[in-house]
Each structure stands twice: as C-alpha cells, then as structure tokens.
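Residue numbers (the working numbering): 70 to 305. Where is the CB? At the ideal position from N, CA and C, for every residue including glycine.
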Amino acid sequence: MIKKNIPVITIDGPSGTGKGTISRLVAQELGFHFLDSGALYRLLGLAARHHSIPLDDEAALVTLAGHLDIQFTFDSEHQKTDIFLEGERVTDVVRSELSGKDASIVAILPAVRQALMNRQHAFLEPPGLVADGRDMGTVIFPGAELKIFLTASLNERARRRYKQLKGKGNDVTLEDLQVVLSARDARDKQREVAPLLPADDAVQIDTTELDIDAVFIRVMSLWNNCSMKFKESRVV
Numbered sequence: 070m071i072k073k074n075i076p077v078i079t080i081d082g083p084s085g086t087g088k089g090t091i092s093r094l095v096a097q098e099l100g101f102h103f104l105d106s107g108a109l110y111r112l113l114g115l116a117a118r119h120h121s122i123p124l125d126d127e128a129a130l131v132t133l134a135g136h137l138d139i140q141f142t143f144d145s146e147h148q149k150t151d152i153f154l155e156g157e158r159v160t161d162v163v164r165s166e167l168s169g170k171d172a173s174i175v176a177i178l179p180a181v182r183q184a185l186m187n188r189q190h191a192f193l194e195p196p197g198l199v200a201d202g203r204d205m206g207t208v209i210f211p212g213a214e215l216k217i218f219l220t221a222s223l224n225e226r227a228r229r230r231y232k233q234l235k236g237k238g239n240d241v242t243l244e245d246l247q248v249v250l251s252a253r254d255a256r257d258k259q260r261e262v263a264p265l266l267p268a269d270d271a272v273q274i275d276t277t278e279l280d281i282d283a284v285f286i287r288v289m290s291l292w293n294n295c296s297m298k299f300k301e302s303r304v305v
C-alpha cells in the first residue's frame, strides 16, 4: 500500500534524456529520498547472470527479485550513490550497456514488474520522494504531485551516452550506441505491461537543446507551484 501525505515527484523518459542526473539534483535540493527504479531492473539482470538464471525464466526471476540482497549508500566524498549486490560493489557494472540491455529484457516480464513494485513503494518515506524511471508516473506512483517526462532526439541521447562511456575509458562507437538505444526504446515502448509513455498529466520537456541547469530550473519551478497546492490541500 502506498503511504499517503508524502509528496512524490516522478521523472520518466528514455535513456539519455538526463532524467537520472535531474532526479538526483532535485532530490538533493529538496532533501527528498531518491528512487532509481532502473537500477533495480539492472541489479536483477546482474543477479540473474551471477546465479546462471536465463533472462526469460520468469518464475525464477520473480523468486530472485523477492530475495535481492541490494544496498544503496551515498558517497558524500564523491557526491554519488554506490550500489552493492550481495555485498559486492557493482556501481559501475550496473551502468554498463550490457546491464541496460538485460534490464530492458527482464522488464518486459509482467510478473517481474509486479515483484519489484513493493520494493519501489518502500522508497516512499518522509519528507518526500523523487522517482526516476519509465513508469513511475503511470504505474508505480500514479498519484504523484508532479510528473515529468523528459525526451530528447536519438542522436543527442547517443551523443551524451558516447561522451559518458568514453570518459570512463570504454571502447564504443556513436553508431553502435544509436542502434542499442533505438532497440531499447522499441522494447520499452512496445511491451504489454507498463510501456514507456508519458502520463496524461505529465509535463513533457524536450532536453535536446537544453543543458542540465536549464532543465533543473524548469523542474524546480514546476515543483514550487505544485508544492504550494500540496501544502494548501493538507491544511485542516
């Protein structure tokens, strides 16, 4: 059951739109908790590989999802979140293109999505939550006070990912990344359960020509308007 009277901001969209960075900045600015829902699917895919579970074995994945030994810790020195799976630091591994592909594959399975729903709801604690994903505003937190859906052109998203991976020393090409992102977009949009699409009441922001600061300012402005209404609605 979703806890009431705790404000939620959902930020959805495909890979490369900046939603992860924006979500973290907004959560930090407001002092809210942060949910990286995509990391949960990436961790499940990684755990499946560790335990030699096929990514299409829905029953086994559901069991694994119910027993995932994961931990998120904030590294204040480097201002980032570290992720641990079964006691092993996997922060960089879960950000790889392979983990992203695995996440997209297991996310297609309805029972897997259901199994991870309660774990996502558990992130909702006072004073509030910023939830980053693909179905946060449509499925996981449909009653969120503010719903954002970020978009950007495929070329720009691939360019951003290319720059990020090259900065970490990965051997990738822009063309390959465009193919990978396009394939993932298709899987996410065409899945029967919780497809990637904006909620009817989401504010859509095209980040193709915008830098992070501009998007952050826009989201915070939207939240300032919503937060006033949220507070007023709870005045007895």
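(Q) Distance check for K170 and D270, CA to CA, integer angstroms please. (A) 29 angstroms
Q: Please name the residue or residues paired with E157 in a DSSP beta bridge.
A: In the DSSP secondary-structure assignment, E157 is bridged to L154.
Q: Rounded to whole angstroms, what's the CA-CA distance from E157 to A283? Just pull it up for me.
A: 36 angstroms
Q. From V304 to I75, what does the alpha carbon distance come to, in whole angstroms?
A. In this predicted model, V304 has a pLDDT of only 47, less than 50, meaning its place in the structure is not dependable enough to derive any value.
Q | Coarse secondary structure for K258, derived from DSSP in three states | A | helix
Q) Taking just the CA atoms, how far does P267 sit from I286? A) Going from the Cα of I286 to the Cα of P267 covers about 21 angstroms.
**Q.** Spatial distance of D240 from L234 (CA atoms)
**A.** 8 angstroms
Q.
My parser needs the beta strand (DSSP E) runs of 3 or more residues fully inside the stretch 186 to 274; what are they?
A. 198 to 202, 215 to 220
**Q.** Runs of alpha helix (DSSP H) lying entirely within the stretch 80 to 114, each at least 4 residues, in chain order
**A.** 88 to 99
Q. Does DSSP classify I122 as helix, strand or coil?
A. coil
Q) Any idea what DSSP makes of T277, helix, strand or coil? A) coil
Q. For D201 versus D105, is the C-beta distance shorter than 8 angstroms?
A. yes
Q. Rounded C-beta distance between T86 and T220? I'm assuming under 8 angstroms.
A. 6 angstroms
Q | Proximal residues to L265 (C-beta, below 7 angstroms), its chain only, five neighbours per side dropped | A | P83, R203, D257, K258
Q: Determine which residues share a DSSP beta bridge with F143 and list them.
A: For F143, which the question treats as bridged, DSSP gives the partners T150.
Q) Can you list, in chain order, the residues of its chain whose CB lies under 6 angstroms from that of T150, leaving out five sequence neighbours each side? A) F141, F143
Q.
Just to confirm the assignment, what range does the alpha helix (DSSP H) spanning I177 have?
A. Where I177 is concerned, there is no enclosing alpha helix (DSSP H), given that its DSSP letter is neither H nor E.
Q) CA-CA distance, N293 and V95? A) 12 angstroms
Q: Going by CA-CA distance only, name the one from S251, Y231, L250, G236 that's closest to T242.
A: With distances taken between Cα atoms, T242 lies closest to Y231.
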